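For reference, the structure is listed below as structure tokens.
Number of protein chains: 2
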Amino acid sequence: MADPADDDRRRSIGARRNPDTQEAILQAGEAILLEEGPAAFSIEAVARRARAGKPTIYRWWPSRGTLLLDIYHRQKPQALHGPTDDLEGEIAGLIEWLSGYWQGSAGQVFRQVIAEAQRDPACAERLQSYATERRAHIGEMIERAMARGEVADTVDPLLGAEMVQSLIWHRLLTDRLALEPGEAQKIAAQLVRGLKP
Amino acid sequence: MADPADDDRRRSIGARRNPDTQEAILQAGEAILLEEGPAAFSIEAVARRARAGKPTIYRWWPSRGTLLLDIYHRQKPQALHGPTDDLEGEIAGLIEWLSGYWQGSAGQVFRQVIAEAQRDPACAERLQSYATERRAHIGEMIERAMARGEVADTVDPLLGAEMVQSLIWHRLLTDRLALEPGEAQKIAAQLVRGLKP
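Note that the protein sequences, when read in sequence, are chains A and B.
Note that our numbering has the first sequence beginning at 15, numbered continuously upward.
Note that our numbering has the second sequence beginning at 15, numbered continuously upward.
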């Protein structure tokens with residue numbers, strides 16, 4: 015969930031009484047994506063599979079895209095790399111990991127979320143919260159590098175983070191995720207050169 | 015048209031006999047977008063308005079997204095700025111111009127094209143050709159700067175171009191096109207710093 019606080023506000027008393035239902039809905043959605051793919055994913059199909067009423071689903075998820083985003087977020091593993099003392103390596107590792115991860119079914123789901131956000135304001139709002147939170151995470155990498163003196167203190171860490179996020183989204187959206195050997199390092203090197211003191 | 019050569023191959027003899035039909039279809043599509051917006055845009059609606067048969071439309075455009083892309087491309091004005099001797103200014107001008115242009119109806123159309131490309135392979139193929147052609151255009155700005163010694167000769171101009179294109183697409187797709195004063199210059203400055211000798 016991009017912003018759990020939002021989600022809590024959306025929950026009715028009824029919903030609070032049966033959190034298991036929410037879990038059952040997410041699991042049903044995951045199963046449909048796994049077995050049938052994103053094209054077969056709809057609120058109707060998830061309701062049938064979860065044996066839940068559509069109003070119960072709509073209580074938490076106003077649309078197909080918002081439910082897809084939560085399933086994507088829930089399934090996504092934590093990034094493998096912890097903090098290091100090498101910003102270029104951290105960014106290269108992130109680009110390499112995401113480009114591999116998105117070449118699987120997760121990428122098919124996330125590109126559907128971005129597509130839905132172009133016509134569904136609720137999905138757009140939650141995707142923007144999610145993207146903002148991810149940019150903050152990348153921004154922290156850049157702030158740590160700034161504290162080490164690797165990055166000029168005039169740099170806006172969130173703008174640097176946006177350049178990383180933008181490039182990898184663009185690769186996903188234009189079917190260009192397959193990287194040549196050393197390509198992630200080359201991209202990271204050019205990005206980091208722009209941040210150096 | 016992202017790639018006129020492709021288009022010519024797709025044209026049947028019949029189509030070559032009546033190029034006016036193609037023009038009538040594009041104009042009908044433009045009128046629907048202008049008067050009713052992207053949500054009302056469909057091959058059916060365009061066929062009705064152009065008094066053309068759907069098979070005639072499908073002869074050139076296999077899907078809604080491919081027709082939307084051609085209408086977007088056809089309406090888009092040439093960039094206002096010619097070559098200068100200041101790469102940072104050229105990139106800032108491009109970002110400023112596109113962020114303004116995309117805050118109008120053209121941005122609504124282009125984000126629909128990107129959304130369609132996530133589920134429509136024909137649209138994905140033509141969008142990729144179009145995006146490649148636009149990156150080449152930005153890459154030429156960077157090559158000219160390289161020839162002036164503004165950019166390191168180790169830089170990959172197309173990677174630099176992709177960073178510009180990625181960032182502005184990302185702003186469009188996350189409803190963040192409205193720039194603060196000086197923001198385009200700040201973005202361009204950080205991008206160009208990464209390219210300097």
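Cβ coordinates follow ideal geometry from the N, Cα and C atoms, glycine included.
Nothing here was measured: the structure is a model prediction, and the numbers come from that model.
When secondary structure is reduced to three states using DSSP, G196 (chain B) falls in the coil class, being assigned neither helix nor strand. Taking 7 angstroms as the threshold, the shortest C-beta distance from Q204 (chain A) to chain B falls below it. Chain B places no beta carbon closer than 7 angstroms to that of Q117 (chain A), leaving this residue out of the contacts. Fewer than three beta-carbon pairs drawn from the stretch 143 to 160 of chain A and the stretch 142 to 154 of chain B are found closer than 8 angstroms, and the two stretches are therefore not classed as touching. R125, Q126: these are the residues of the stretch 101 to 126 of chain A whose beta carbon lies less than 8 angstroms from some beta carbon of chain B, given in chain order. When Cβ-Cβ separations below 7 angstroms define contact, A161 (chain A) makes no contact with chain B. Under the 10 Å beta carbon count, Q132 (chain B) is surrounded by 16 or more other beta carbons and is classified as buried. Counting along the chain, D170 (chain A) sits inside no alpha helix (DSSP H), nor does DSSP assign it H or E at all. Secondary structure note for A66 (chain B): it is in no alpha helix (DSSP H), with a DSSP letter that is neither H nor E.
A check of alpha carbon separations from V123 (chain A) across A:L205, A:L47, A:K200 identifies A:L47 as the nearest. Under the three-state reduction of DSSP, F55 (chain B) is assigned to coil, being neither helix nor strand. In the three-state reduction of the DSSP assignment, Q204 (chain A) falls in the helix class, which pools H, G and I. For L173 (chain A) against Q204 (chain B), the beta-carbon gap comes to about 6 angstroms, under 8 angstroms, which counts as contact. Distance from the CA of E110 (chain B) to the CA of L193 (chain B), rounded to the nearest whole angstrom, comes to 8 angstroms. Judged by their CB atoms, A198 (chain A) and A106 (chain A) are nearer to each other than the 7 angstroms cut-off.
Scanning its chain for C-beta atoms nearer than 8 angstroms, with the 5 sequence neighbours on each side dropped, one finds around I85 (chain B) the residues L40, G43, E44, L47, V123, in chain order.
Below the 8 angstroms Cβ cutoff, chain A contributes L173 as neighbours of I201 (chain B), in chain order. Q179 (chain A) reaches chain B at H184, counting residues in chain order whose Cβ is nearer than 8 angstroms. The beta-carbon separation of Q142 (chain B) and T188 (chain A), rounded to 5 angstroms, stays under the 8 angstroms limit for a contact. For a Cβ distance threshold of 9 angstroms, nothing in chain B lies close to R140 (chain A): the least Cβ distance comes to about 11 angstroms. Taking all protein chains shown into account, A161 (chain B) has fewer than 16 neighbouring C-beta atoms within 10 Å of its C-beta and is therefore exposed.
Annotated three-state conformation of P91 (chain B) is coil, per DSSP.
Near chain B, meaning a CB-to-CB distance below 8 angstroms, no residue of the stretch 65 to 96 of chain A qualifies. Nearest C-alpha to I57 (chain A) among A:E50, A:G51, A:E37, A:G79: A:G79. In this structure, G96 (chain B) lies away from L186 (chain B), with their beta-carbon atoms at least 7 angstroms apart. By the 16-neighbour rule on beta-carbons within 10 angstroms, E50 (chain B) is exposed.
Look at T168 (chain B): its C-beta is not under 7 angstroms from any C-beta on chain A. Annotated three-state conformation of R133 (chain A) is coil, per DSSP. Measuring C-alpha to C-alpha distances from S113 (chain B) to each of B:A38, B:A136, B:Q179, B:I71 identifies B:Q179 as the nearest. With its beta carbon less than 7 angstroms from one in chain B, A129 (chain A) belongs to the interface.
When DSSP states are grouped into helix, strand and coil, L101 (chain B) belongs to the helix group. Annotated three-state conformation of D34 (chain B) is helix, per DSSP.
A residue is called buried when at least 16 other Cβ atoms come within 10 angstroms of its Cβ; T168 (chain B) does not meet this threshold and is exposed. Within chain A, no residue has its beta carbon less than 9 angstroms from that of R148 (chain B); the closest one is some 11 angstroms off.
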